[in-house]
Amino acid sequence: MATKATKVKKKAPANVVDTQDHILIKGARVHNLKDVTVAIPREKLVVVTGVSGSGKSSLTMDTLYAEGQRRYAESLSAYARQFLMRMNKPDVDYIKGICPAIAIEQKVITRTPRSTVGSMTEIYDYLRLLFARAGRTYSPVSGKLVKKNEVADVVDFITKLKHGTKVLILVPFKQHAKRDAKEELNILMQKGFSRMYFMDAGDGKPTRIEELLEEKKPKIPKDAYVLVDRIVAKEFEEDDLHRIADSVQTAFYESEGDCILELDGSKLQAFSNRFELDGMQFEEPVPNLFSFNNPYGACPTCEGFGQVLGIDEDLVIPDKRLSLYENAVAPWRGEKMSAWKDQFIRVAKKFNFPVHKPIADLSDEQYRSLWKGNEYVEGIDDFFRMVEQNLYKVHYRVMLSRYRGRTVCPTCNGGRLRQEALYVKVGGKNIAELVDMPIDKLKDWFDHLELDEYQQQVSKRIMIEVNHRLKTLLDVGLGYLTLNRVANTLSGGESQRIQLTRTLGSNLTNSLYILDEPSIGLHARDTDRLIGVLKELRDLGNTVVVVEHDELMMKEADYIIDMGPLASHLGGEVIFAGTYDEILEDPKSLTGNYLNGTLRIDPPKQIRKWKKSIKVEGARQHNLKNIDVEFPLGVLTVISGVSGSGKTTLVKQILYPALMKLKGEFSDKVGRHRTISGNVDDITQIELIDQNPIGKSSRSNPVTYIKAYDEIRDLFSKQALSKMRGFTPKHFSFNVDGGRCDSCKGEGEVVVEMQFLADVHLVCETCGGKRFKEEVLEVMYKGKNIFDVLEMGVDEAIEFFKDEKDVVNKIRPLSDVGLGYVKLGQSSDTLSGGEAQRVKLASFLGKGRAQGQILFIFDEPTTGLHFHDIKKLLASFNALIEQGHTVLVIEHNTDVIKSADWLIDLGPEGGEGGGNLLYTGIPSGISKEKQSYTGKFLVQQ
Numbered sequence: 001m002a003t004k005a006t007k008v009k010k011k012a013p014a015n016v017v018d019t020q021d022h023i024l025i026k027g028a029r030v031h032n033l034k035d036v037t038v039a040i041p042r043e044k045l046v047v048v049t050g051v052s053g054s055g056k057s058s059l060t061m062d063t064l065y066a067e068g069q070r071r072y073a074e075s076l077s078a079y080a081r082q083f084l085m086r087m088n089k090p091d092v093d094y095i096k097g098i099c100p101a102i103a104i105e106q107k108v109i110t111r112t113p114r115s116t117v118g119s120m121t122e123i124y125d126y127l128r129l130l131f132a133r134a135g136r137t138y139s140p141v142s143g144k145l146v147k148k149n150e151v152a153d154v155v156d157f158i159t160k161l162k163h164g165t166k167v168l169i170l171v172p173f174k175q176h177a178k179r180d181a182k183e184e185l186n187i188l189m190q191k192g193f194s195r196m197y198f199m200d201a202g203d204g205k206p207t208r209i210e211e212l213l214e215e216k217k218p219k220i221p222k223d224a225y226v227l228v229d230r231i232v233a234k235e236f237e238e239d240d241l242h243r244i245a246d247s248v249q250t251a252f253y254e255s256e257g258d259c260i261l262e263l264d265g266s267k268l269q270a271f272s273n274r275f276e277l278d279g280m281q282f283e284e285p286v287p288n289l290f291s292f293n294n295p296y297g298a299c300p301t302c303e304g305f306g307q308v309l310g311i312d313e314d315l316v317i318p319d320k321r322l323s324l325y326e327n328a329v330a331p332w333r334g335e336k337m338s339a340w341k342d343q344f345i346r347v348a349k350k351f352n353f354p355v356h357k358p359i360a361d362l363s364d365e366q367y368r369s370l371w372k373g374n375e376y377v378e379g380i381d382d383f384f385r386m387v388e389q390n391l392y393k394v395h396y397r398v399m400l401s402r403y404r405g406r407t408v409c410p411t412c413n414g415g416r417l418r419q420e421a422l423y424v425k426v427g428g429k430n431i432a433e434l435v436d437m438p439i440d441k442l443k444d445w446f447d448h449l450e451l452d453e454y455q456q457q458v459s460k461r462i463m464i465e466v467n468h469r470l471k472t473l474l475d476v477g478l479g480y481l482t483l484n485r486v487a488n489t490l491s492g493g494e495s496q497r498i499q500l501t502r503t504l505g506s507n508l509t510n511s512l513y514i515l516d517e518p519s520i521g522l523h524a525r526d527t528d529r530l531i532g533v534l535k536e537l538r539d540l541g542n543t544v545v546v547v548e549h550d551e552l553m554m555k556e557a558d559y560i561i562d563m564g565p566l567a568s569h570l571g572g573e574v575i576f577a578g579t580y581d582e583i584l585e586d587p588k589s590l591t592g593n594y595l596n597g598t599l600r601i602d603p604p605k606q607i608r609k610w611k612k613s614i615k616v617e618g619a620r621q622h623n624l625k626n627i628d629v630e631f632p633l634g635v636l637t638v639i640s641g642v643s644g645s646g647k648t649t650l651v652k653q654i655l656y657p658a659l660m661k662l663k664g665e666f667s668d669k670v671g672r673h674r675t676i677s678g679n680v681d682d683i684t685q686i687e688l689i690d691q692n693p694i695g696k697s698s699r700s701n702p703v704t705y706i707k708a709y710d711e712i713r714d715l716f717s718k719q720a721l722s723k724m725r726g727f728t729p730k731h732f733s734f735n736v737d738g739g740r741c742d743s744c745k746g747e748g749e750v751v752v753e754m755q756f757l758a759d760v761h762l763v764c765e766t767c768g769g770k771r772f773k774e775e776v777l778e779v780m781y782k783g784k785n786i787f788d789v790l791e792m793g794v795d796e797a798i799e800f801f802k803d804e805k806d807v808v809n810k811i812r813p814l815s816d817v818g819l820g821y822v823k824l825g826q827s828s829d830t831l832s833g834g835e836a837q838r839v840k841l842a843s844f845l846g847k848g849r850a851q852g853q854i855l856f857i858f859d860e861p862t863t864g865l866h867f868h869d870i871k872k873l874l875a876s877f878n879a880l881i882e883q884g885h886t887v888l889v890i891e892h893n894t895d896v897i898k899s900a901d902w903l904i905d906l907g908p909e910g911g912e913g914g915g916n917l918l919y920t921g922i923p924s925g926i927s928k929e930k931q932s933y934t935g936k937f938l939v940q941q
């Protein structure tokens with residue numbers, strides 16, 4: 001295996017560092033890497049591949065990226081470095097030619113509900129700037145444009161008047177409530193004003209203030225003005241224009257916003273520098289007015305979250321298959337409250353309300369009548385208003401709490417912003433309307449946006465940034481998302497591609513980008529566009545290193561590094577480094593053998609037949625177009641379609657929660673559908689095996705999750721030294737007192753809390769990170785103590801415990817699902833989403849034949865899997881089906897699609913262009929479906 005590593009050295013001679021053509025890693029020994037030496041060409045698209053656990057991440061993330069970050073930290077000041085120097089130097093002889101490193105991992109990077117797709121990509125920041133600069137405010141009363149006059153507007157008006165026009169600059173006379181007219185006139189004199197002007201005097205001549213003060217009680221008529229200046233329109237010189245501007249400024253200041261011009265003693269022209277119209281005062285557009293994370297712009301009711309605690313429609317009408325007559329409205333059941341239902345039914349005929357029609361089938365207008373009521377009858381909203389008026393009674397308080405939940409904010413209607421921000425529009429739309437548009441529609445809107453000359457000038461740079469980022473989002477296959485989509489609802493793959501969009505927007509050059517499987521969750525159609533984005537990144541002068549298993553990505557790469565030959569202690573070597581054409585001819589490369597067809601994942605020779613099924617009818621949540629879908633039981637069913645076509649909505653938001661509720665289990669809200677029919681009773685249990693972590697605690701690990709640690713602890717307690725010292729199985733647990741280290745309580749590290757700074761994790765000095773007391777670590781089995789066993793990889797442990805059938809049987813399922821490289825004691829929070837999913841699968845495989853029939857739902861289980869591991873995964877699925885269970889998989893991988901017994905394809909596009917049922921049947925039949933992208937890519941394979 002080492003011959004390939006030396007082959008790389010030949011390709012990268014000793015002077016590569018001088019020419020800056022390569023990044024040279026020499027003697028990397030991180031995790032399972034076996035003294036690896038490899039040269040990575042700079043300014044190229046490089047794919048690092050290999051079976052799961054072969055050392056890809058150890059080489060890229062833990063060696064290359066870690067060293068890049070460490071060197072960056074060392075370049076900072078001593079003050080900044082004190083917070084960053086906790087970075088350990090990777091175990092490597094040296095790395096030469098490294099450039100600043102940026103890692104984009106497949107983790108959902110934020111949990112806050114304030115973070116959205118728009119804020120993560122910085123598009124929303126540019127939109128705020130666009131609306132502040134180019135936005136026009138329109139009155140909600142008359143729909144007219146709200147204008148604020150500046151001094152320059154008044155000066156321009158005067159300069160354009162016909163020569164000889166006599167102009168008086170006036171301000172309305174305002175008398176303070178606590179002053180008489182004489183006192184007010186005195187103050188005007190002190191300010192330097194000398195004349196008043198009365199409209200109803202009729203002679204058109206100003207009156208001197210001194211003359212008015214001579215009267216004992218000056219009479220000031222209603223239409224009284226203070227004269228600021230008198231001008232005759234002509235060819236004004238520079239000094240004249242300065243004088244006019246000063247006079248207009250004085251008028252605006254004195255009247256708090258008004259300036260009135262009288263022209264030739266008759267016509268009045270009013271100007272105002274207050275931002276108001278139709279009796280309303282409007283806010284001037286500034287960037288913070290459009291920020292829901294700023295108190296100035298956020299909706300005061302929901303504080304910028306878009307949701308409040310209110311009456312939850314799904315709790316009030318839990319089963320939308322029922323009609324009003326069949327007690328669909330939960331609070332209108334019972335002896336007393338049913339009077340509301342009876343009253344509604346009695347008058348329903350007057351406004352054509354169908355009382356026997358299922359709630360799910362009501363039109364929008366009928367549904368609104370049920371909630372809002374009308375002139376004939378009171379609705380559900382009126383009912384809850386009555387409840388709120390009676391909250392001094394306990395049973396009403398209990399009733400209200402039963403139907404409360406997170407609902408759309410009634411003030412901003414989910415827009416998150418205060419009402420004043422929505423009066424500002426660009427191209428006829430406010431900012432809330434734009435962020436609710438799917439990105440593909442938004443890009444089209446911007447492409448056809450027409451702006452006037454001033455708007456074009458102030459928004460030129462903004463538009464370049466917005467269009468560039470929107471294009472990138474489309475290119476990475478996220479055109480179906482909206483900018484308002486909350487970040488914590490995104491999948492790992494979506495989150496990663498959004499980070500990629502933000503990174504591309506910064507236009508960095510001469511940097512090292514390391515991406516961890518960016519094609520996750522992407523249909524083969526969209527992978528092609530993603531490759532284009534990565535090449536664009538490369539063409540800017542960056543080195544792009546991608547950890548990837550996708551065949552299309554490898555074909556398009558400039559250079560491929562194949563790690564292996566197998567996982568864990570059997571991996572950690574560079575098997576191959578070269579081009580795609582070269583890897584096809586390398587017999588030692590497992591990846592090359594799959595790419596050239598020597599090894600392959602063959603579709604099953606015999607497709608299983610099915611008789612029983614579960615049918616979802618009338619699915620219309622999100623973009624689903626009222627479709628009926630039949631899910632067979634007892635077979636492997638795959639649901640395919642491009643990203644955003646409705647797969648997750650159909651399975652995870654309708655099928656799974658609806659079945660859970662039918663079984664009396666707790667679940668999330670059920671998406672909109674008409675009914676679920678078929679052999680539901682044949683299913684005894686529903687298991688959704690997604691990519692959420694298997695445990696949030698650092699104590700959780702694969703061996704405890706699959707219940708294999710009990711067997712290992714029993715084995716150690718039976719050793720002679722354990723019996724002599726009276727050790728029981730609990731002494732070999734790091735979760736209870738007894739054998740675990742007393743200093744770190746079995747954690748292996750001590751957390752030092754730093755005020756105002758991140759906590760520091762230090763290796764426990766007492767046990768040296770080994771978690772157990774010295775006397776417990778002295779107990780050996782085949783020369784290994786309990787800590788050594790926890791440090792073993794799964795495959796290594798199977799070989800080590802080959803004489804202990806109970807232990808092997810418990811841990812073998814981990815190897816069967818492709819996790820042979822994972823350490824038995826590896827903390828759960830270090831596992832990727834795909835690994836966590838396969839640990840859950842292994843736990844079911846280890847239980848043997850369970851009672852009844854379980855429906856297993858998998859969400860993209862091939863995440864992070866090499867061709868070789870996918871073969872193992874399919875064998876695990878078949879093992880579950882042979883035990884009498886049903887496997888339902890959401891998947892893009894063509895090998896998994898080919899291996900299915902039944903295929904359900906949604907599409908044809910993502911977002912609004914999706915949600916249609918394109919095909920159901922055996923996988924080979926989809927090639928005839930012209931609209932299906934899945935069919936096209938299956939034919940190409």
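Residue numbers (the UniProt record's numbering): 1 to 941. Using N, Cα and C, we set each Cβ at its ideal position, and we do this for glycine too. Note that the structure is predicted; figures quoted are calculated from it, not measured.
From the DSSP secondary-structure annotation, give me the bridge partner or partners of residue i.
i      : result
Asp895 : For Asp895, which the question treats as bridged, DSSP gives no partner whatsoever.
Thr637 : Leu888 and Trp902
Leu261 : Ile169 and Gln269
Pro218 : For Pro218, which the question treats as bridged, DSSP gives no partner whatsoever.
Gln685 : Ile854
Thr207 : Met196
Ser323 : Pro358
With DSSP run on the structure shown, which of helix, strand or coil describes residue i?
i      : result
Val545 : strand
Glu433 : helix
His868 : helix
Leu917 : strand
Glu551 : helix
Pro632 : strand
Ile676 : strand
Gly405 : strand
Arg561 : Strictly speaking, residue 561 in this sequence is Ile, with Arg absent from that position. Of the three classes helix, strand and coil, the one that applies to Ile561 here is strand, per DSSP.
Once you ignore the five residues that flank residue i on each side, which residues in its own chain have a CB closer than 8 angstroms to its CB?
i      : result
His622 : Gly646, Thr649, Gln653, Gly671 and Gly915
Asp35  : Gly27, Ala28 and Arg29
Starting from residue i and walking both ways along the beta strand (DSSP E), at which residues does that stretch end?
i      : result
Ala619 : Ser613 to Ala619
Ser331 : It should be pointed out that residue 331 corresponds to Pro in this sequence rather than to Ser. Element bounds for Pro331: n/a, residue is neither H nor E.
Leu227 : Ala224 to Val232
Val48  : Leu45 to Gly50
Mind checking whether residue i and residue j have CB atoms under 8 angstroms apart?
i      : j      : result
Ile40  : Val545 : yes
Cys299 : Arg416 : yes
Asn484 : Val435 : yes
Pro438 : Phe383 : no
Val171 : Val228 : yes
Ile904 : Val635 : no
Gly68  : Asn32  : no
What span of residues does the alpha helix (DSSP H) with residue i cover, start to end?
i      : result
Asn593 : Leu590 to Leu595
Phe716 : Tyr709 to Ser717
Ala792 : For the sequence presented, residue 792 should be read as Met rather than Ala. Careful: Met792 lies outside any alpha helix (DSSP H) and carries neither H nor E.
By Cβ distance below 7 angstroms, which residues in the same chain neighbour residue i in space, the five residues on each side in sequence not counted?
i      : result
Asn294 : Asn288
Asp21  : Pro41 and Arg42
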